Every structure is written in C-alpha cells, then in structure tokens.
Ligand code: TEU
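Residue numbers (the numbering used here): 125 to 687.
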C-alpha cells in the first residue's frame with residue numbers, strides 16, 4: 125500500500141456478539157450494529173474492525189470458523205452485511221474484517237474432508253501426526269509433542285478413525301491449518317480477495333505470527349520446555365515467528381493486496397519483538413501495515429500464571445518507549461489498552477472507583493492517543509466501562525477461563541480461590557459483557573436474555589448518559605480523535621519519553637517542525653509535582669483546574685502545545 129492514510133486514523137473494535145441485539149435472542153447481530161452507526165460516526169472513528177462474523181459453532185465465540193465466505197446466521201446474512209458496509213462507507217468509515225486463518229473450525233468442510241481418511245486430498249491441509257514413538261496411540265503422554273493448548277489440555281487431539289493426532293494450538297475445535305501446503309495458502313488468498321471485491325477495507329489477522337511452524341527434517345515437531353508446576357510444555361519456540369512467516373506474509377501481499385489502495389492490514393502477533401515488528405511493518409517489505417504487540421498487556425505477568433503481579437509504571441513506560449523508538453524510522457505502531465481478550469483498561473491501568481473512574485479513563489485515553497501510532501478503541505472503552513463483578517466460575521462463559529480453570533485445579537493442584545482471583549482481574553469475559561447503551565434492565569443491549577450478564581453498573585455507566593454529559597469519557601474520546609485529525613504533531617511528531625524513572629507520572633513530548641506537544645498523565649490517586657516546564661497553551665485537561673505550582677492532580681492528564 126503506497127498511501128498510509130491509517131496513520132491519521134482511529135480504529136474502533138466491535139465484538140458483534142456483545143454490541144447490540146436487534147431481534148431479542150440475547151446475542152448481538154449485524155442489524156444491531158447498523159442501528160448504532162450514527163453513534164460511531166458521532167464518536168468520529170475512521171475504521172470499524174469487526175471480530176469474526178462468519179458461520180461458526182461458536183466454541184471460541186466465532187474465532188472457530190466453519191465457512192469463510194458467509195455470515196453466521198445468529199448475526200445475519202450477506203444482505204445485512206452489505207447494508208452495514210454501505211452504511212459505514214456512507215458515513216465515511218471503513219470496515220475491516222477479522223481474518224482467522226491460523227486455524228479453522230473442526231466443522232469446516234476442509235477439516236471434515238481432512239479427517240475422513242489418510243489418503244484424502246485435504247489430509248495434508250492440517251497437522252496430522254502419529255503417536256510418539258513406542259507409545260500406544262490415544263494414551264496419556266502419547267501426543268506427538270508435549271505442548272499445551274492455550275485453552276488448557278494438550279495441543280493435540282487423537283482421532284480414532286485414522287489413528288493419528290491433529291494439532292490445535294487453541295481449542296480442539298480449532299485445528300491448525302497447514303500453511304506449508306500451497307493449496308491451503310491459495311484457498312485463503314482467494315477467500316480474502318472475495319471479501320475485498322465485496323468492498324471490505326482490510327483485515328485484522330488473528331495470531332498471524334503462528335502460521336509457520338518449525339519442522340524437523342523428518343517432518344516432526346519438537347518438544348517444548350516444561351516449567352515446574354505446569355502440566356504441559358510451552359511450545360511457542362516452534363510456532364511464534366516461525367521460519368517461513370515473512371515469506372508467507374509477502375506472498376499474501378502479492379496475491380491479495382498488491383495493486384489495491386486504501387486498505388488497512390494489522391497482524392495480531394503475540395510475543396512479537398521490536399526487531400520482528402520492524403521487518404513486518406517496513407513498507408518496502410510488503411507484509412502488513414502494523415502489528416499488535418503484547419509486551420504491555422503481559423507487563424504484570426510473572427513466571428507463575430496464577431499470581432497477580434503489581435503493575436509498575438516504569439515498566440509500562442519502558443515498554444512503550446522501546447516500541448516508540450524501535451519503529452521511529454520505519455514501520456508503524458498500533459496502540460491499544462484493551463480488546464476482547466483483555467480486562468477493561470480503566471479497571472486494570474486506572475481506577476474504576478466512583479471517585480476516579482471518569483478522570484482515570486480520560487487520562488488513559490489521552491496518554492495512549494498521543495503516542496505515535498494508530499489507536500484502537502475497544503467497544504465500551506469510550507464510556508469507561510469496567511470489569512464485571514464475577515462471583516464464581518459459574519459466571520464465566522469464555523472457553524479460555526473455563527479450560528484454564530479445569531487444568532489448574534485438576535492437574536496442577538491450584539485452589540479455586542487463587543485461580544478465580546486472577547480470572548476476575550484478567551479474564552476475557554470482563555471485556556465481553558454487553559455494551560451499555562442505557563440504564564434500562566438489559567442496558568438497551570437486548571429485549572431478551574443476554575448471553576452474558578450485563579454489568580450492574582450500567583444504570584450509571586451507559587452511552588445515553590455519556591452522550592448527554594459534556595464532561596463524559598465519550599466526549600473526551602471525541603476530542604482525542606478530533607485532535608489526531610487536526611494536529612499533525614499527533615500523527616507525525618517525534619516521540620521523546622520524559623521522567624523514565626518516575627513511578628507516578630507518564631510524560632513525553634511529540635515534536636514536529638516548530639511545534640511541541642507536552643503530554644503528562646498522573647497514574648495515581650495522589651497529587652504529584654512534575655519536575656517539568658509546564659508552559660504553552662493548555663490544549664487538553666481532563667479536570668476543571670489547570671495544574672498550579674506544577675502539581676498534577678490525581679489521575680489528571682494535560683497536553684500543552686508550544687512553539
Ligand atoms: O488471540 C490470540 C492470543 O494470543 C490469545 O491467546 C490471548 O492472548 C489470550 O486469550 C489472552 O488471555 C486471538 C483472538 O484474539 C482470541 O480471541 C482467540 O481466542 C484466539 O486468537 C484464537 O483464535
């Protein structure tokens with residue numbers, strides 16, 4: 125892509141299942157999104173990213189796709205989709221699709237054929253392997269490698285019919301596609317072209333840095349390192365940033381994107397390093413426009429997965445500082461605090477108490493949006509939506525929470541309490557509770573029974589209240605988006621981190637030509653004196669009073685512009 129319009133853009137992620145239900149079945153749908161396009165246009169976002177809306181058994185809420193070229197009936201059909209796409213375009217918004225091609229559903233026709241016999245032409249479209257040498261197939265420990273799956277249990281499922289195992293890095297209903305096979309790649313590219321021809325504006329590519337695996341000369345995959353206390357090994361050395369990843373992405377670019385304009389491609393790349401990201405996003409290399417890195421959402425993750433680590437601001441700043449510097453001369457950053465896999469930003473990095481929720485949500489938005497890169501807003505973030513008060517494991521629906529809970533209790537000797545403490549703080553369902561449109565019983569999300577409970581705080585935190593209140597988080601986000609559209613230094617300015625050793629203040633400058641923006645956010649509930657020169661025009665301030673005597677009030681965010 126020669127034009128980089130997306131540097132100026134803000135993306136809004138919709139999790140369709142939880143956004144708006146138009147027909148009362150308790151599940152969000154495409155018609156529900158159509159009904160709120162004016163809301164999104166009012167917010168001012170440039171791009172909508174839809175989490176998967178394809179036909180799916182919904183084992184992982186649509187990240188298990190059984191037909192790549194249609195719409196999940198729960199969500200609508202291609203006709204409503206075209207209406208949604210046209211409605212977005214008519215309001216000047218682009219729309220990108222989630223592309224989940226590291227794996228398909230086990231109910232996809234490709235997999236049904238693949239598993240039917242060893243000599244089926246699609247056998248090699250997935251990762252089939254025999255039992256470990258000398259082991260009885262189907263018995264514990266006989267899996268081809270010792271890898272655990274992300275959602276608990278082994279990463280291999282034994283299939284009695286043909287006496288072999290298939291690989292699934294995620295659930296056993298998400299078999300990994302074999303990208304070594306050129307037919308698989310061509311089928312994926314054809315499908316992508318079909319969507320682009322229909323008018324979509326690009327893709328967010330799910331775990332795209334896992335599509336290439338490290339294979340031994342005899343075709344085998346190798347064991348991973350086993351750490352104390354865990355039932356299965358981490359095999360990621362063999363599938364994150366694998367040997368043919370860049371080749372596959374470049375091939376995809378040639379086959380799908382070359383010659384098309386105005387698109388956005390963003391790779392979801394857990395565990396990606398700055399060095400790899402430079403290669404992925406260097407425009408000369410024709411891979412993707414930007415990637416999602418994970419360092420800042422893993423910042424409070426220690427060696428023990430069931431121990432919450434306190435968040436240290438200096439670590440967070442070191443991470444963002446490294447990414448800003450690493451992609452300063454080439455490539456581009458994506459910027460996000462949360463998505464459908466992460467807890468709510470204000471609960472995690474801010475303070476979701478009555479006193480500080482609004483201020484801290486605005487502060488977080490300000491700090492993020494003023495970095496160099498393309499910001500992503502996750503639905504409800506613009507309202508300062510919070511984590512959900514989960515009582516017990518019975519309140520969770522997420523396959524990851526349920527699977528990891530079982531493995532921790534049954535195989536790793538963990539107590540329900542220690543696991544629940546972490547799931548309450550970090551579990552993905554925090555982000556997946558229904559969008560809070562108004563104060564009515566199901567928050568205006570549905571007239572039926574919501575598939576996942578609505579947060580009880582919707583009586584106060586909701587879109588209707590926020591739209592009516594000039595001081596709301598919603599109107600603050602509108603300002604942040606508008607500032608990116610109107611102030612070139614936000615888009616292109618150089619980034620310099622200030623006060624790297626300060627545990628309370630997040631401060632940096634952006635400089636372009638003769639303009640400098642100074643951004644300061646207080647990450648605590650205490651006033652903090654800033655040893656900085658607070659001069660210039662105060663263009664943003666999330667609290668009523670300007671800093672006096674260089675003191676930044678609790679959760680205050682300020683932006684000064686000076687020449
Ligand atoms: O997530 C990939 C991923 O890295 C997840 O393992 C994530 O880090 C973890 O769940 C956080 O707790 C993508 C999708 O975003 C996710 O929703 C899917 O479940 C997953 O891929 C499989 O498609």
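Just so you know, even glycine gets a beta-carbon here, dropped at the ideal spot from N, CA and C. Small disclaimer: the values here were computed from a predicted structure and weren't measured.
According to DSSP, residues forming a beta bridge with residue i
| i | result |
| --- | --- |
| residue 326 | 388 |
| residue 218 | 171 |
| residue 135 | 171, 500 |
| residue 280 | 291 |
| residue 676 | 652 |
| residue 458 | 498 |
| residue 684 | 642, 662 |
| residue 272 | 278 |
| residue 252 | 290 |
| residue 636 | 639 |
| residue 425 | 432 |
| residue 227 | 300 |
| residue 357 | 271 |
Spatially closest choice to residue i from the options, by CA coordinates
| i | options | result |
| --- | --- | --- |
| residue 580 | 557, 595, 601, 589 | 557 |
| residue 468 | 451, 442, 436, 513 | 513 |
| residue 562 | 574, 585, 675 | 585 |
| residue 464 | 236, 307, 503 | 503 |
| residue 234 | 289, 179, 301 | 301 |
| residue 523 | 159, 152, 274 | 274 |
| residue 339 | 359, 327, 325, 324 | 359 |
| residue 167 | 630, 602, 607, 477 | 602 |
| residue 491 | 361, 605, 351 | 605 |
| residue 394 | 363, 387, 413 | 363 |
| residue 617 | 146, 627, 497 | 497 |
| residue 337 | 313, 353, 303, 205 | 303 |
| residue 157 | 598, 484, 614, 199 | 199 |
| residue 276 | 537, 314, 600, 527 | 527 |
| residue 515 | 506, 412, 545 | 545 |
| residue 642 | 444, 649, 631 | 631 |
| residue 170 | 298, 683, 386, 423 | 386 |
| residue 687 | 668, 639, 681 | 639 |
Span of the beta strand (DSSP E), counted from its first residue to its last, around residue i
| i | result |
| --- | --- |
| residue 585 | Careful: residue 585 lies outside any beta strand (DSSP E) and carries neither H nor E. |
| residue 639 | 639-646 |
| residue 434 | Run containing residue 434: none; DSSP gives neither H nor E here. |
| residue 620 | 618-622 |
| residue 416 | 414-416 |
Residue i to residue j span [Cα, whole Å]
| i | j | result |
| --- | --- | --- |
| residue 568 | residue 143 | 10 Å |
| residue 316 | residue 419 | 29 Å |
| residue 406 | residue 389 | 13 Å |
| residue 509 | residue 410 | 37 Å |
| residue 553 | residue 574 | 13 Å |
| residue 292 | residue 685 | 51 Å |
| residue 662 | residue 450 | 29 Å |
| residue 341 | residue 466 | 38 Å |
| residue 368 | residue 225 | 15 Å |
| residue 178 | residue 456 | 29 Å |
| residue 647 | residue 215 | 36 Å |
| residue 430 | residue 294 | 19 Å |
| residue 635 | residue 493 | 15 Å |
| residue 343 | residue 257 | 14 Å |
| residue 566 | residue 151 | 12 Å |
| residue 473 | residue 426 | 17 Å |
| residue 232 | residue 205 | 21 Å |
| residue 499 | residue 421 | 15 Å |
| residue 676 | residue 485 | 16 Å |
| residue 608 | residue 133 | 8 Å |
| residue 530 | residue 633 | 47 Å |
| residue 668 | residue 625 | 28 Å |
Bounding residues of the alpha helix (DSSP H) (the contiguous stretch that carries residue i)
| i | result |
| --- | --- |
| residue 235 | 233-240 |
| residue 661 | No alpha helix (DSSP H) holds residue 661; the beta strand (DSSP E) holding it covers 661-665. |
| residue 541 | 540-550 |
| residue 487 | 481-493 |
| residue 334 | Run containing residue 334: none; DSSP gives neither H nor E here. |
| residue 374 | 369-376 |
| residue 603 | 597-610 |
| residue 266 | Taken as a continuous stretch (DSSP letters only), residue 266 belongs to no alpha helix (DSSP H), as it is neither H nor E. |
| residue 154 | 154-158 |
| residue 524 | 523-535 |
| residue 557 | Careful: residue 557 lies outside any alpha helix (DSSP H) and carries neither H nor E. |
| residue 471 | 469-472 |
Worksheet item: With a cut-off of 8 Å, do at least 3 Cβ pairs link the segment 205-224 to the segment 172-188?
Response: yes
Worksheet item: If we count Cβ pairs, one from each stretch, closer than 8 Å, do we get three or more for the segment 262-272 versus the segment 338-354?
Response: yes
Practice prompt. Could you tell me whether the segment 190-199 touches the segment 245-255, using the rule of 3 or more Cβ pairs below 8 Å?
Written response: no
Discussion item. Under 8 Å, with one C-beta from each stretch per pair, do the segment 475-490 and the segment 517-534 reach the 3-pair mark?
Written reply: no
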